[in-house]
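Enquirer: For the sequence shown, counting from 1, position 34 maps to 34 in UniProt numbering; every step adds exactly one.
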Amino acid sequence: IRIPEFQSSPSRRRRSEHSNNTGFVQSAATDAIRETQIGIHEQRQSAIEQQINTNQENLVNETAEHRRIRLEKQKQRDQSNRSNETNEKRKIRLENQNQRTKSNRLHEKREECQSRLEKQKQRDQSNRLNEKSEERQSRLKKKNKESEAKQIELKQLVDKSTSNTLNIQQQNFSAQLNETEPKALWDTHDMHDFTNNEDITTKKQSSISSLWPESISRNLKEDCLQKFLQKMSMAALSEATCAVCNVRTQTQKLKKLPVAKIPHIDLLKVPDALKDFIKTSQTSAVQYADEHIGISENESVIQMTRPTQSSL
Numbered sequence: 001i002r003i004p005e006f007q008s009s010p011s012r013r014r015r016s017e018h019s020n021n022t023g024f025v026q027s028a029a030t031d032a033i034r035e036t037q038i039g040i041h042e043q044r045q046s047a048i049e050q051q052i053n054t055n056q057e058n059l060v061n062e063t064a065e066h067r068r069i070r071l072e073k074q075k076q077r078d079q080s081n082r083s084n085e086t087n088e089k090r091k092i093r094l095e096n097q098n099q100r101t102k103s104n105r106l107h108e109k110r111e112e113c114q115s116r117l118e119k120q121k122q123r124d125q126s127n128r129l130n131e132k133s134e135e136r137q138s139r140l141k142k143k144n145k146e147s148e149a150k151q152i153e154l155k156q157l158v159d160k161s162t163s164n165t166l167n168i169q170q171q172n173f174s175a176q177l178n179e180t181e182p183k184a185l186w187d188t189h190d191m192h193d194f195t196n197n198e199d200i201t202t203k204k205q206s207s208i209s210s211l212w213p214e215s216i217s218r219n220l221k222e223d224c225l226q227k228f229l230q231k232m233s234m235a236a237l238s239e240a241t242c243a244v245c246n247v248r249t250q251t252q253k254l255k256k257l258p259v260a261k262i263p264h265i266d267l268l269k270v271p272d273a274l275k276d277f278i279k280t281s282q283t284s285a286v287q288y289a290d291e292h293i294g295i296s297e298n299e300s301v302i303q304m305t306r307p308t309q310s311s312l
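1) My guess is that Glu239 and Gln226 are in contact by the Cβ rule of under 8 Å, so how many angstroms apart are they, rounded?
2) Kindly indicate the opening and closing residues of the beta strand (DSSP E) around Thr249.
3) Could you tell me the distance, in whole angstroms, from the CA atom of Val158 to the CA atom of Ile152?
4) So, using beta-carbon positions, are Val247 and Leu268 closer together than 8 Å?
5) The alpha helix (DSSP H) with Glu72 in it runs from where to where?
6) Just verifying my parser: in three-state terms, what is the DSSP assignment at Ala240?
7) Among the candidates Ala47, Ala236, Lys253, Met234, whose CA atom is the shortest distance from the CA of Cys242?
8) Along the alpha helix (DSSP H) that carries Leu225, what are the first and last residues, could you check?
9) So, helix, strand or coil for His41, using DSSP?
10) May I ask you to report which of helix, strand or coil DSSP gives Lys279?
11) Indicate the three-state DSSP secondary structure (helix, strand or coil) for Pro182 in the structure shown.
12) Is it the case that the CB of Leu117 approaches a heavy atom of the ligand NAP more closely than 7 Å?
13) Would you mind listing the alpha helix (DSSP H) stretches within the region 108-137 that are 4+ residues and don't spill past its ends, in chain order?
14) Does DSSP classify Gln309 as helix, strand or coil?
15) Identify whether Lys256 lies in helix, strand or coil by the three-state DSSP scheme.
16) Consult DSSP for Ile262 and reduce its assignment to one of helix, strand or coil.
17) May I ask you to report which of helix, strand or coil DSSP gives Ser163?
18) To which residues of the same chain is Ser300 closer than 7 Å at the C-beta, ignoring the five residues directly before and after it?
19) Whose C-beta lies closer than 6 Å to the C-beta of Pro213 among residues of the same chain, with five residues either side of it excluded?
20) Taking the straight line between their C-alpha atoms, what separation do you get for Lys231 and Ser215?
21) What is the rounded straight-line gap between the Cα of Asn172 and the Cα of Leu154?
22) Tell me whether Val270 sits in a helix, a strand or coil according to DSSP, three-state version.
23) So for Ser174, helix, strand or coil by DSSP?
24) Just the C-alpha distance for Leu94 and Lys119, rounded to the nearest angstrom, thanks.
25) Whole angstroms is fine: what's the gap from Val60's alpha carbon to Lys150's?
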């Protein structure tokens, strides 16, 4: 420490002594204030504990009538406070209430959870039995709005997930295309080449995005369905045999005529030579059925023999 060449003046010594005295007084004052604050805090805590104990004793000893009156007064106070509160206070109150309910449900046991759900179910049933038609309509409207909001939120999530998957697929496809192409030497190229490469990649991405098929229009679907019904109907699929040429074809291609109006019906009659041929073929078939076919073992010749009558 450097020693001063000249001693300090008397006024300076008096100022230093005064500062030391004032510092001591200030420290003593802060200690006294701290002690008083601690005492006030302890008194407040003890008063709160006493109030809690007295409230618990009153709740244990109160009758059903007193409990009903107390709950009604509490309900009125809550309604008045909520009617006078601002949006910010309401938001804070709901957030605190949600946090309390979440913490209570996390720490509650299985039996407590079941009892809570049963009580909630009983309350809902009693409220629905006692509610009016207007209250019921408002409740149903609110429920419908909540369900619609949930559906919209779910649809947005699905659309977002599908768009993300499409973007990922496009990025993968563009990455594969970029890997197949020869890599440019960035050290030898300038900024102009870099901008050209960016333009190429954007063109590729636009071409990739144009590859995705569009949704089929409703008119095209209806036309295809109408054509299918026309081609697959019973009128289009039914068939019949032509009386003239004995050919089976579709009913739509045939023409219905009475037998008397068929042109050149004389030509459709069976000629006599064909009748005689049919008769002879039938008789020969009957004779052939009476015969039996025998195969000789020598030279594998087929021999036709008639059965001989056994002699008496």
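From the three backbone atoms N, C-alpha and C, an ideal C-beta is built for every residue, glycine too.
Expert: Inspection of the coordinates gives the following:
1) 23 Å between Cβ atoms; not a contact.
2) 248-250
3) 10 Å
4) Taking 8 Å as the Cβ cut-off, Val247 and Leu268 do not qualify as a contacting pair.
5) 64-84
6) strand
7) Lys253
8) In the DSSP assignment, Leu225 falls within the alpha helix (DSSP H) that extends over 218-231.
9) helix
10) helix
11) Per-residue confidence for Pro182 stands at a pLDDT of 49, beneath the threshold of 50, marking its modelled position as unreliable; the derived number appears in the next sentence. Three-state result, Pro182: coil.
12) Inclusion of the ligand NAP in the displayed structure is not the case, the ligand content being empty and no account of it being possible.
13) 110-130
14) Any reading at Gln309 must be qualified, since the residue scores a pLDDT of 44, below 50, and its modelled position is unreliable; no value is offered.
15) coil
16) Coil.
17) helix
18) Only weak support is given to the placement of Ser300: the predicted model assigns it a pLDDT of 43, under 50, and the question is left unresolved by the model.
19) none
20) 26 Å
21) 27 Å
22) Val270 falls in the coil class under three-state DSSP.
23) It is helical.
24) 22 Å
25) Between Val60 and Lys150, the C-alpha separation is close to 44 Å.
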